[in-house]
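J.:
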Amino acid sequence: MTSALGSVPAGSGTAPRPGGADPQLPVRPHRKRWGRTARWVGWLWVLPALIMYGVFVLRPLVLTVQYSLYRWNGIGTAQWVGFDNYLTVFTDRDLLKIITNAFVLIIFFSFIPVALGLLVASLVRRITTGPGGTLVRTVLFLPQVIPLVAAGIAWSWVLSSNGLVNQLLRAVGLERITRPWLGEFSTALPSVGVIGTWIMLGLCTILLVTGMSKIDPSLYEAARMDGAGPIREFFAVTLPSLRQEIGVCLTVTVIAALASFDIVYISTSGGPGIQTTVPGLEIYRLAFSQRQVGLASALGVVLMLLVLVCVLPIQRLTRGEKA
Amino acid sequence: MNLTSRSERVSGRIFLIALVVVTLLPFLSMLSAALQPRGTVPTGLAWPSDPQWGNFADAFTAANMGALLKSSMLIVAGVVPIGVLIATMAGFGLGHLRVPGGHIAFGLLLLGLTLPFEAVVTPLYYQMRDLGLLNTRWAIILPLIGLYMPFAVFWMRAHFTNVPRELSEAARVDGSNTWQLFWRVHVPLARPAIASLTILLFLWTWNQFLLAIVMVDDATKRTMAGALGAFQGQWGTDLVLLCAGSLLILTPTLIVFMIFQRQFIKALLQGSVKG
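Same order as they appear, the protein sequences are chains W and F. Per the numbering used here, the first sequence starts with residue 116, numbered consecutively. Per the numbering used here, the second sequence starts with residue 13, numbered consecutively.
Next comes the structure, spelled out in structure tokens:
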């Protein structure tokens, strides 16, 4: 490897295309030879990945769309129903509620972590590089590393009648509002959301603080010189400089909220009623318990499109304004 | 920086410390429950007067941890090396060799980048049934490799696009073919990108839940996360054992995380930035 590296000719920078190893030699024919054949042979490198992707993602994707146009119980013959399943998804009150639930979760998975993360980032600016900083980073990353299922179990316990939350409330004399948080209609969905906040908060904070430490301090000095207070400074310097990091946080967390499954399955199984049911869980239930494969597939297609519709504008926002 | 007022910096620290405490509390609460005597009803966070460390041994047996660890490792061993290898090759082909029409392949892969697994899990189930692979680890391994390809190829392509092309010219003059070029020059140079990808794929596989519960009924043939789901179903009413078992099941990830901590954090940060 070193020999290959060492033999890079100094002059090759002037002829950056294939075949430009020695600028003295005629470049054309050489380039054409390995240009034509070898470049097509290059597909062999891409093929294994494409085959796996084609067989285990693209084919199922096409099948999902196909299933969504049929009524099928998974065993018998399928019956063509056109767009009826989609009609059901968009008119059935329960299914609409389920889709709305996913959007409510975005508040907890995305908005709160990003807002809190920004607050911490603008106050801390950088996490110290010493052992203290490493410790903070490590701890804040724990929720990202453990299985979501474990987070779900831990929080089911923390939010239960005898759990930590109620214990703390009793300790400060708020006995009245103690309750099984995941079990009551009014508090179940926000409680599931809090689990999401816990999982996403550390990642967002660290991403934002890391982005923060890359901002040129002179920008702040200039802002202070112009007499900007902390609030104006935040909107004039911090927010625009962190646009890319905020975009990343939002993309990751919005996908996690819309496509959530593990946490809900473990902590509430979608209950009470359908209060915390999300599209992912409903797809699972429809396809594998109720054997309504067509409807499950239609919901799957809708979920996929919802994710795209939510994520693409975020991407455009962060990229477009940067240019 | 030096213009930041002292009180601001102090409040920042306080927020950060509060965040750390809130992150740790659920774990501590689980630990305190796991150490209570079996059959008692624990409360949120109370250090037991007589910690029952034996509960972990009970949970180890009840959860069949030995079998679970083996199963998870088999699945990781099936997914990660192949996934990383073919993604590296494809990234090399698309990013460095620039195969003609490569942007079409890349565009197809980008399609899958935001795809929720739930959207394809139903047809995957029937596909696995038709292949006769249901209830085997292959039903988790094969789809996962495919599902990881969008991110993994995207990741490796980003690396190979930035490698100077002169490097290959030089090696070609030395008479190496593309295969030798790949293994002798490009793979060693790509080591950091490959390491990050390996870590991410390991983590995502180990923690994979949906595919595990859909494809495999037998908890001892699942991933760790999938097995934990079954464990909860079985011991949901025995809170002490459930907490002990959950802590046991998340210990391996924690250990691996602690060992590769720096690379892990780097990989997760880069992974979310590029993803």
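For every residue, glycine included, the Cβ atom is placed at its ideal position computed from N, Cα and C. It should be emphasised that the depicted structure is a prediction, and the values quoted were computed from it without experimental measurement.
For residue 419(W), which residues in chain F fall below 7 Å Cβ to Cβ?
T.: Here residue 419(W) refers to the residue found at position 304 when the first sequence is read from its first residue. Per Cβ cutoff of 7 Å: 127, 128 and 131.
J.: Kindly indicate if chain W contains any beta-carbon less than 8 Å away from that of residue 99(F).
T.: As a position in the second sequence, residue 99(F) is number 87, starting the count at 1. Yes - at least one Cβ of chain W is within 8 Å of the one on residue 99(F).
J.: Name the DSSP beta bridge partners of residue 195(W), please?
T.: Residue numbering aside, residue 195(W) sits at position 80 when the first sequence is read from its first letter. Residue 195(W) pairs with 185(W).
J.: Apart from the five residues on each side of it in sequence, which residues of its chain come closer than 8 Å, Cβ to Cβ, to residue 50(F)?
T.: If you number the second sequence from 1, residue 50(F) lands on position 38. The answer, listed in chain order, is 64, 67, 70, 250, 252 and 253.
J.: Residues of chain W with CB closer than 7 Å to the CB of residue 252(F), please, in chain order.
T.: Mapped onto the second sequence, residue 252(F) falls at position 240. Chain W residues near residue 252(F): none, gap ~11 Å exceeds 7 Å.
J.: Here's a check: name, in chain order, each residue in its chain whose Cβ is nearer than 7 Å to the Cβ of residue 298(W), leaving out the five neighbours to either side.
T.: If you number the first sequence from 1, residue 298(W) lands on position 183. The answer, listed in chain order, is 387.
J.: If we count Cβ pairs, one from each stretch, closer than 8 Å, do we get three or more for the stretch 306-319 of chain W versus the stretch 369-387 of chain W?
T.: Segments in contact, yes.
J.: How many Å lie between residue 271(F) and residue 196(W) at the Cα?
T.: Position 259 of the second sequence, counting from 1, holds the residue named residue 271(F). Position 81 of the first sequence, counting from 1, holds the residue named residue 196(W). About 54 Å.
J.: Considering only C-alpha positions, which residue in the set 227(F), 209(F) and 237(F) is nearest to residue 282(F)?
T.: Counted from its first residue, the second sequence places residue 282(F) at position 270. When only C-alpha atoms are compared, the closest one is 209(F).
J.: Measure the C-alpha to C-alpha separation of residue 291(W) and residue 270(W) and round it to an integer number of angstroms.
T.: For the purposes of this step, residue 291(W) is taken as residue 176 along the first sequence, with counting starting at 1. For the purposes of this step, residue 270(W) is taken as residue 155 along the first sequence, with counting starting at 1. Using only the alpha carbons, I get a separation of about 21 Å.
J.: Closest by CA to residue 240(W), which one among 422(W), 428(W) and 331(W)?
T.: Translated into positions along the first sequence, residue 240(W) becomes position 125. It is 331(W) whose Cα lies nearest to the Cα of residue 240(W).
J.: In chain W, which residues lie with their C-beta within 8 Å of the C-beta of residue 210(F)?
T.: As a first step, residue 210(F) is located in the second sequence; it is residue number 198 there, counting from the start. Per Cβ cutoff of 8 Å: no residues; residue 210(F) is ~15 Å from chain W at best.
J.: Thinking just about the alpha-carbon of each residue, which of 23(F), 36(F), 264(F) and 265(F) is nearest to the one in residue 252(W)?
T.: Sequence index remark: in the first sequence, residue 252(W) carries index 137 (1-based). It is 36(F) whose Cα lies nearest to the Cα of residue 252(W).
J.: Among the residues of its own chain, which have a CB less than 8 Å from the CB of residue 260(F), if the five just before and after it don't count?
T.: In the second sequence, residue 260(F) corresponds to position 248, counting from 1. Same-chain partners within the cutoff: 68, 71, 72, 75 and 77.
J.: Which chain F residues are close to residue 395(W), counting only those with a beta carbon under 7 Å from its beta carbon?
T.: Within the first sequence, the letter at position 280 stands for residue 395(W). Ordered by position in chain F, the residues that pass the 7 Å Cβ test against residue 395(W) are 128 and 130.
J.: Since residue 201(W) meets chain F, which of its residues come closer than 9 Å, beta carbon to beta carbon?
T.: Here residue 201(W) refers to the residue found at position 86 when the first sequence is read from its first residue. Chain F residues near residue 201(W): none, gap ~14 Å exceeds 9 Å.
J.: Find the nearest neighbour of residue 382(W) within the set 263(W), 185(W) and 227(W), judged by alpha-carbon distance.
T.: Along the first sequence, read from residue 1 onward, the residue named residue 382(W) stands at position 267. The shortest Cα separation from residue 382(W) among 263(W), 185(W) and 227(W) belongs to 263(W).
J.: Is the beta carbon of residue 232(F) less than 8 Å from the beta carbon of residue 88(F)?
T.: Along the second sequence, read from residue 1 onward, the residue named residue 232(F) stands at position 220. Along the second sequence, read from residue 1 onward, the residue named residue 88(F) stands at position 76. No, the Cβ-Cβ distance between residue 232(F) and residue 88(F) is not below 8 Å.
J.: For a quick check, are the C-beta atoms of residue 80(F) and residue 236(F) less than 8 Å apart?
T.: Here residue 80(F) is taken as the residue at index 68 of the second sequence, counted from 1. Here residue 236(F) is taken as the residue at index 224 of the second sequence, counted from 1. Cβ distance < 8 Å, so residue 80(F) and residue 236(F) count as in contact.
J.: Find the residues of chain W that neighbour residue 265(F), judging by a C-beta separation of less than 8 Å, and give them in chain order.
T.: As a working note, residue 265(F) is residue 253 in the second sequence. 260, 261 and 262, listed in chain order.
J.: Exposed or buried, what is residue 167(F) when buried is set at 16 or more other beta-carbons lying within 10 Å of its beta-carbon?
T.: On the second sequence, position 155 is the one that residue 167(F) refers to. Buried: at least 16 other Cβ atoms inside 10 Å.
J.: Decide if the stretch 197-213 of chain W is in contact with the stretch 175-186 of chain W; the criterion is three or more beta carbon pairs, one per stretch, under 8 Å apart.
T.: These segments touch.
J.: Going by beta-carbon coordinates alone, are residue 136(F) and residue 171(W) separated by less than 8 Å?
T.: Start at 1 with the first residue of the second sequence, and residue 136(F) comes out as number 124. Start at 1 with the first residue of the first sequence, and residue 171(W) comes out as number 56. Result yes, Cβ atoms of residue 136(F) and residue 171(W) sit closer than 8 Å.
J.: Using only alpha-carbon positions, find the residue among 344(W), 366(W), 272(W) and 256(W) that is nearest to residue 33(F).
T.: As a working mapping, residue 33(F) is identified with position 21 in the second sequence. Looking at the Cα atoms, 256(W) is the closest of the given residues.
J.: Quick one: which chain W residues come within Cβ less than 7 Å of residue 159(F)?
T.: Here residue 159(F) is taken as the residue at index 147 of the second sequence, counted from 1. Going along chain W in sequence order, the residues near residue 159(F) (Cβ under 7 Å) are 171 and 172.
J.: Do you know how far the Cα of residue 267(F) is from the Cα of residue 154(F)?
T.: One-based indexing of the second sequence puts residue 154(F) at position 142. One-based indexing of the second sequence puts residue 267(F) at position 255. Near 27 Å, if we compare the C-alpha coordinates of residue 267(F) and residue 154(F).
J.: Comparing the C-beta of residue 282(F) with each C-beta of chain W, is any distance below 8 Å?
T.: On the second sequence, residue 282(F) is found 270 positions in, with the first residue counted as 1. Chain W contact via Cβ: absent.
J.: What is the residue span of the alpha helix (DSSP H) that residue 117(F) lies within?
T.: Working through the second sequence from its first residue, we reach residue 117(F) at position 105. Counting along the chain, the alpha helix (DSSP H) containing residue 117(F) begins and ends at 114-123.
J.: Tell me whether residue 208(F) sits in a helix, a strand or coil according to DSSP, three-state version.
T.: Residue mapping note: residue 208(F) aligns to position 196 of the second sequence, counting from 1. Three-state result, residue 208(F): helix.
J.: With DSSP run on the structure shown, which of helix, strand or coil describes residue 347(W)?
T.: For the purposes of this step, residue 347(W) is taken as the residue at position 232 of the first sequence. Reduced to three states, the DSSP call for residue 347(W) is helix.
J.: Would you mind sorting residue 59(F) into buried or exposed? The rule is 16 or more other CB atoms within 10 Å of its CB.
T.: For the purposes of this step, residue 59(F) is taken as residue 47 along the second sequence, with counting starting at 1. Exposed, since its Cβ has fewer than 16 Cβ neighbours within 10 Å.
J.: Closest Cβ-Cβ distance between residue 56(F) and chain W: below 8 Å?
T.: Taking the first residue of the second sequence as position 1, residue 56(F) is located at position 44. Residue 56(F) counts as touching chain W.
J.: Could you spell out the range, first to last residue, of the alpha helix (DSSP H) harbouring residue 162(F)?
T.: Within the second sequence, numbered from 1, the residue matching residue 162(F) stands at position 150. Its alpha helix (DSSP H) spans residues 150-173.
J.: With distances taken Cα to Cα, identify the nearest neighbour of residue 133(F) among 365(W), 323(W) and 374(W).
T.: Residue numbering aside, residue 133(F) sits at position 121 when the second sequence is read from its first letter. The candidate whose alpha carbon is nearest that of residue 133(F) is 374(W).
J.: With a threshold of 7 Å on Cβ separation, who are the neighbours of residue 274(W) within its own chain once the five nearest residues in sequence on each side are excluded?
T.: Position 159 of the first sequence, counted from the start, is the residue given in the question as residue 274(W). Cβ within range, chain order: 280, 296, 297 and 306.
J.: Under 9 Å between beta-carbons, which chain F residues line up against residue 377(W)? List them in chain order, please.
T.: Taking the first residue of the first sequence as position 1, residue 377(W) is located at position 262. 219, 221, 222, 237 and 241, listed in chain order.
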